[in-house]
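J.: Before I ask anything, here is the structure I am working with.
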Amino acid sequence: MKKLLALLLAVLMCLSLAACSSGNGGGEQAPAETPAEEPAPAETETAAETFDELLAAGIANGNKLTIYSTHSVTVTALEAFMKKYAPEIEYEGTQIGDTNQVTQVAQEVKEGVKGADIIFIQDGARVLTDLVDEGYVYNWYNQEIKDLVGDDCEPLLVWDYCNKVVMYNNGADNTYNEGDITNLWFATDPANKGAFWMKDPTTEGVNMNFLVNLTSDENAAKLEAAYKEYYGKDLVLDEDCPNAGYQFIKMLYQNEMMLGSSDSTIAKDIAAAEKPQSGLLTLNKYLKSRGTREDGTTFNLLYAKDELKPTAGFIYPIYGLQVANADNPELAKAFLIWLYSEEGWYGDGEMTIADGSVYKGMQGRYGDYSGNTANPVADGDMSVVEWKKILVQEDAVQAAEHRADVEDFIQLIK
Amino acid sequence: MKKRWNRFKTFFSKPYNVLLVLFLVFLGFLVVLPLISIVRDTFIVHSAEKSRVHQAVGTFTTYHWERLFGKQFSKSLLWDPLKNSIVTSAWACVVSILIGGSFAWLVSRSDMRWKKLLTKLFIFPYIMPSWTLALAWKNFFKNIDITGSNGIFYSLTGLQVPTWFAYGEFPIIIVTGLHYAPFAYILIGGILHNMDANLEEAAIILKTSRLRMFLRITIPIVMPAVLSTIILVFSGAMASFATPQFLGLPVRYFVLTTELYASINGTNPGVGYILAMIMILISVIIMAVNQRLIGSRKSYATVTGKSANISIFHLGVWRTPISILAFIVVMCMSVIPLVTFALESLLAYTGVYDFSNLTLSFWIGQAQGHDTWQSESGILRNAEVYRTLWNSLKLAFTCSLGAGTLGFLAGYSIVRRRGSLLSRLVEDLTFIPYLIPSMAFSAIYLSMFATKHGIIPSLYGSFAILALIGTIKYLPMASRSGVNSMLQLSPEIEEAGIIMGVPWVKRMTRIIIPIEKTTIVSGYLLPFISAMRELSLFVILVTANNRVLTTLLLFYDEKGYTQFSNAVNLLIIIVVLVINFTVEKLTGASIEKGVGG
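Residue numbers (the working numbering), protein chains in the order written: chain S, 15 to 428; chain H, 448 to 1044.
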């Protein structure tokens, strides 16, 4: 055992010295000259190729098309697309969470291992710093996409918007009624202690980005005004809180905000609860969270809209980005263009996927909005334009710049 | 010169010396290099840290050390999680020793009823993935104050447990303690079972009281096993991730592993690597203390004199009540969790425990569409489940073959050269993987094998990297088993073969392996089961093409597909149990022998 200890200590000492002297570690290869402060990426040039040209080139290329996506629909969309447009080409689509995807794509491109040709990924802050800045993935769009998507082509191309809004339970005697929640500061109110949920921001980047975005000057000012409205007095900042955004985060955590590991599980738990419970959850869970209790009473979730000030939640993109070492970049680009079409978004009622069933795309889904705003949303849901007015929109650049500050802040108050 | 050459030739003419040298090289690369890699990672800027450190990726920095040990963050990043880890691990030791030790005594030394059935059921928690008990606890004791809805316990009794009972420190201690109770049972039971009854008989003749006999004879005899249990449980509990994540996160109770996970997945992996080093250091200290205390190191199994006549303590009027109590405890540990998984997988809507709400849809139904909870086919008609099941079986088999074979050969060569520096070094090296937390180990392998090293190609995304890390991580178990079994085998038996001029391969296949057959198979069984139920070791190394059942389970759990995750959980447990009992039936090998030697 003494030898083991000695061995460990010796290794530790040697390595400390080696690390000190080497300067440049090794395992993580440094890009030639990575600047310390990353500016926003330069605007991408609009590509000239059209869908038809790219499709023909992709088929001629003949290589397998591989996609990674945080969203399940892209995987079935790939099946439908390939079956119709490139049946002779091999393909593979896999759903992978954003954190794992960042790690996997970075490793694969760095080591030249064959992986994805195109990725669909959320968490703009990490995508910018870990993938785009390192040159592992790049932003690409052509005129066809630009015509449909407009400003959302930059800094990263938005394929789909998703929203997380404040949702609350309804159905039992003492739960909420529609429109009960009108001010976001309710979540910091001691009356709601331990009754507000969120998926742990340290494990889901978009949630952390939202908190970071709340600390921007613009959002902090809105929060400050809403505070006065809710509590009837001016907000006095604590010493450790530079603005109202930080103060909100601090009060949220100190009010024993509940952290979960899955929006779905939180949604189900909140919906079935028999006392007031609420959370910031993806709207996609809205239609799913209905049921009947043993005594026959029904329960469901309601969601906040424009009555909730200063924001009902946040909206974040899932980006469609090209991978630097793609085997079939042409087909990947053709697939991306097709996804913005109505056929790509909803299917045409005839296209089938691998198991033979009809491809329905985003039909009936609340909480998914095409980057092409001409694609209609699910019946009963609001358009992305309307949502953007009442939600905080993910600002990937601001989040990338200040994420470490907010993470450190949360580390101290959690 | 010639003398030296002759000495060299003589040295390498002994197969066990060749093996030891090969092990030294092999383990140096696969065990020591990761340690070096982890140290290096604490001094460089990772890509996720650029905006935090404000330096280029890969450059040298002391930022991580300053942040972790600086005034501002050390309490929340290090000291609080460290304190929580130590408290939960220490109490988990107490729980496992109390429950496992008491059960071992009841089985070995009392006339408790239903011993055969109870001993079979008692090891279930160890066979099951560690988080299953945590999930079962959550399903069972869910609390309206926290989740707004109550669990099965409330549905059955109408009683609501307090928050501290449902989430946080207390349930983490109990669940971890229960998971490791089989260890305590196997190790302490092994000694109690083999304990020389003459000692107690002598005490009886001298009219010693039962209490005094227990304190002066039984306790000192089982003490080495208790200490071995403490090491195993403490190290295991310190490295445990899923249980504190499931039961601690809702109330923001963090331990070192959950803090490490958050750091590695967040924007400061460098701090995560330092935390991993601290965890390794703690394990090493515990080992050193243990060695000091019991004098002989790493004695998982204690070889004691066998007694033909073990004295049995008659429980008298307490026989039936104690048997019933033991039965209830074992049912709670081993059977009820399985029932809750089955039940949860059958609920059309979670949280509603009503007959009309039961469905087989999540097992055999077809996908219902995106706006329902069943957006995928039931697990028995789901191609992805079969693909991942096959991957899991393939991986578990490979890890078992690798770790079992290497462990047996390591045990053989270590024991044959016992006392030499080379043997001690190899023995220590085989044990180091046990001290490295799974998640940190896989993070290191990810960075090590993503790049081509000499003749070894980049293994990233391959099946090989999973097989390699599984083999190395489970080597300590198999080599312990190998060392213990070889210690029980007199060298004269092999020496007789040498004198007769029997070659080494034949000696192994015709003499040693047949004699040690049962223990060797047990040495294969333990890595197999561990690999089948492993999550944290594989989770960041698995890619799209080689998903295994446990990572599929995590995926379903993260997506909130509760019924699917419970069904897959049950599937894993059933597969593991069937394989365990089949192997046990066919070969006589068992988990107990794998752990206990």
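Cβ coordinates follow ideal geometry from the N, Cα and C atoms, glycine included.
Quick one: grab the DSSP three-state call for residue 152/S.
T.: Here residue 152/S corresponds to residue number 138 of the first sequence, with the count starting at 1. Three-state DSSP puts residue 152/S in a strand.
J.: When the cut-off is 7 angstroms and only beta carbons count, does residue 180/S lie next to chain H?
T.: Here residue 180/S corresponds to residue number 166 of the first sequence, with the count starting at 1. So, not an interface residue.
J.: Got a sec? Which residues, its chain only, sit under 6 angstroms from residue 679/H by beta carbon, not counting five neighbours each side?
T.: Working through the second sequence from its first residue, we reach residue 679/H at position 232. Here the set comprises 630.
J.: Quick check: the Cα distance between residue 748/H and residue 637/H, rounded to an integer number of angstroms?
T.: The count along the second sequence starts at 1 and reaches residue 748/H at position 301. The count along the second sequence starts at 1 and reaches residue 637/H at position 190. Residue confidence for residue 748/H is low, a pLDDT of 39 falling below 50, so the modelled location carries little weight; the figure read from the coordinates is stated next. One C-alpha to the other measures close to 8 angstroms.
J.: Answer yes or no: does any C-beta atom of chain S fall closer than 7 angstroms to that of residue 523/H?
T.: Translated into the one-based positions of the second sequence, residue 523/H becomes position 76. Answer yes: the Cβ-Cβ gap between residue 523/H and chain S drops below 7 angstroms somewhere.
J.: Helix, strand or coil for residue 382/S per DSSP?
T.: Working through the first sequence from its first residue, we reach residue 382/S at position 368. In the structure shown, residue 382/S sits in a strand (DSSP, three-state: E or B).
J.: Going by alpha carbons, who is nearest to residue 880/H out of 626/H, 934/H and 479/H?
T.: If you number the second sequence from 1, residue 880/H lands on position 433. It is 479/H whose Cα lies nearest to the Cα of residue 880/H.
J.: Thinking C-alpha only, which one of 915/H, 491/H and 704/H is nearest residue 683/H?
T.: As a first step, residue 683/H must be located in the second sequence, where it is residue number 236. Checking every option, the nearest Cα to that of residue 683/H belongs to 704/H.
J.: Quick check on the burial criterion: 16 or more other C-beta atoms within 10 angstroms. Buried or exposed for residue 645/H?
T.: Sequence index remark: in the second sequence, residue 645/H carries index 198 (1-based). The residue in question, residue 645/H, is exposed, as its Cβ has fewer than 16 Cβ neighbours within 10 Å.
J.: Can you tell me whether residue 791/H is buried or exposed? The criterion is at least 16 other CB atoms within 10 Å of its CB, across all chains shown.
T.: By one-based count along the second sequence, residue 791/H stands at place 344. It is buried - the Cβ of residue 791/H has at least 16 other Cβ atoms within 10 Å.
J.: May I ask you to list the residues that DSSP assigns as paired with residue 407/S?
T.: On the first sequence, position 393 is the one that residue 407/S refers to. In the DSSP output, where bridge partners are listed per residue, residue 407/S has 329/S.
J.: Counting contacts by CB-CB distance shorter than 7 angstroms, is residue 104/S in contact with chain H?
T.: For this step, residue 104/S is matched to residue 90 along the first sequence. So, not an interface residue.
J.: Cα-Cα, which of 983/H, 801/H and 520/H is closest to residue 687/H?
T.: Along the second sequence, one-based indexing puts residue 687/H at 240. Looking at the Cα atoms, 983/H is the closest of the given residues.
J.: Identify every residue that forms a DSSP beta bridge with residue 176/S.
T.: Position 162 of the first sequence, counted from the first residue, corresponds to residue 176/S. According to DSSP, which records beta bridges pairwise, residue 176/S is partnered with 330/S and 382/S.
J.: Which residues, taken in chain order from the region 110-131 of chain S, show a beta carbon closer than 9 angstroms to some beta carbon of chain H?
T.: Flagged, chain order: 110, 111, 113, 114, 116, 117, 118, 120, 121, 122, 124, 125, 126, 127, 128, 129 and 130.
J.: Identify which residue in 918/H, 826/H, 988/H and 837/H has its Cα closest to the Cα of residue 891/H.
T.: Numbered from its first residue, the second sequence carries residue 891/H at position 444. Per the Cα distances, 988/H.
J.: At least one CB of chain S closer than 7 angstroms to the CB of residue 1096/H: is that the case?
T.: One cannot answer for residue 1096/H here, as it falls past the ends of chain H, which runs 448 to 1044.
J.: Could you compute how far the alpha carbon of residue 193/S sits from the alpha carbon of residue 186/S?
T.: Taking the first residue of the first sequence as 1, we reach residue 193/S at position 179. Taking the first residue of the first sequence as 1, we reach residue 186/S at position 172. Cα-Cα distance, rounded: 16 angstroms.
J.: Could you please give the first and the last residue of the uninterrupted beta strand (DSSP E) stretch that includes residue 313/S?
T.: One-based indexing of the first sequence puts residue 313/S at position 299. 312-317 is the span of the beta strand (DSSP E), which, as asked, contains residue 313/S.
J.: Nearest by alpha-carbon distance to residue 626/H: which of 656/H, 668/H and 583/H is it?
T.: Indexing the second sequence from 1 puts residue 626/H at position 179. It is 583/H whose Cα lies nearest to the Cα of residue 626/H.
J.: Do residue 294/S and residue 262/S count as a contact pair if the criterion is CB distance below 7 angstroms?
T.: Numbered from its first residue, the first sequence carries residue 262/S at position 248. Numbered from its first residue, the first sequence carries residue 294/S at position 280. The answer is no: Cβ separation not under 7 angstroms.
J.: Would a check of beta-carbon distances place residue 1005/H closer than 7 angstroms to chain S?
T.: Sequence index remark: in the second sequence, residue 1005/H carries index 558 (1-based). Yes, its Cβ sits closer than 7 angstroms to a Cβ of chain S.
J.: In the DSSP assignment, what residue or residues form a beta bridge with residue 106/S?
T.: Along the first sequence, read from residue 1 onward, the residue named residue 106/S stands at position 92. Bridge partners of residue 106/S: 80/S.
J.: Can you pull the chain S residues whose beta carbon is under 7 angstroms from the beta carbon of residue 632/H, in chain order?
T.: Within the second sequence, the letter at position 185 stands for residue 632/H. What residue 632/H touches in chain S: nothing, since even the nearest Cβ is about 27 angstroms away.
J.: Would you call the CB atoms of residue 568/H and residue 873/H closer than 7 angstroms?
T.: Stepping through the second sequence from its first residue, residue 568/H is reached at position 121. Stepping through the second sequence from its first residue, residue 873/H is reached at position 426. No. Outside cutoff.
J.: For the region 718-734 of chain H against the region 510-530 of chain H, do three or more pairs of beta-carbon atoms, one drawn from each stretch, fall closer than 8 angstroms, so that the two count as touching?
T.: Judged by Cβ distances under 8 angstroms, the region 718-734 of chain H makes contact with the region 510-530 of chain H, as three or more pairs qualify.
J.: So for residue 766/H, helix, strand or coil by DSSP?
T.: Position 319 of the second sequence, counting from 1, holds the residue named residue 766/H. Here residue 766/H sits in helix by DSSP.
J.: In whole angstroms, what separates the C-alpha of residue 562/H from that of residue 769/H?
T.: The residue given as residue 562/H occupies position 115 in the second sequence. The residue given as residue 769/H occupies position 322 in the second sequence. Distance between the alpha carbons of residue 562/H and residue 769/H: 12 angstroms.
J.: Could you tell me how far apart the beta carbons of residue 290/S and residue 223/S are, in whole angstroms, since I believe they sit closer than 8 angstroms?
T.: On the first sequence, position 276 is the one that residue 290/S refers to. On the first sequence, position 209 is the one that residue 223/S refers to. Not really, about 28 angstroms apart at Cβ, beyond 8 angstroms.
J.: In chain order, what residues of the same chain have a beta carbon less than 7 angstroms from the beta carbon of residue 255/S, not counting five sequence neighbours either side?
T.: Working through the first sequence from its first residue, we reach residue 255/S at position 241. 261 and 264.
J.: Less than 7 angstroms between the C-beta atoms of residue 107/S and residue 135/S, yes or no?
T.: Counting from one through the first sequence, the residue named residue 107/S turns up at place 93. Counting from one through the first sequence, the residue named residue 135/S turns up at place 121. Cβ atoms of residue 107/S and residue 135/S: not closer than 7 angstroms.
J.: Are the CB atoms of residue 532/H and residue 702/H within a distance shorter than 7 angstroms?
T.: Residue numbering aside, residue 702/H sits at position 255 when the second sequence is read from its first letter. Residue numbering aside, residue 532/H sits at position 85 when the second sequence is read from its first letter. Yes, they are a contact pair.
J.: Alpha carbon to alpha carbon, how far is residue 117/S from residue 937/H? Give it in angstroms, no decimals.
T.: As a first step, residue 937/H is located in the second sequence; it is residue number 490 there, counting from the start. As a first step, residue 117/S is located in the first sequence; it is residue number 103 there, counting from the start. Rounded to whole angstroms, residue 937/H to residue 117/S spans 51 angstroms at the Cα level.
J.: List the residues that DSSP assigns as beta-bridge partners of residue 366/S.
T.: The residue labelled residue 366/S in the question sits at position 352 within the first sequence. According to DSSP, which records beta bridges pairwise, residue 366/S is partnered with 372/S.
J.: Entirely within the region 929-996 of chain H and at least 4 residues each: give me those alpha helix (DSSP H) ranges in chain order.
T.: If we require 4 residues or more, the alpha helix (DSSP H) runs fully inside the region 929-996 of chain H come out as 938-946, 951-954 and 960-979.
J.: Check residue 509/H in the structure and name its three-state DSSP category.
T.: Mapped onto the second sequence, residue 509/H falls at position 62. In the structure shown, residue 509/H sits in coil (DSSP, three-state: anything other than H, G, I, E or B).
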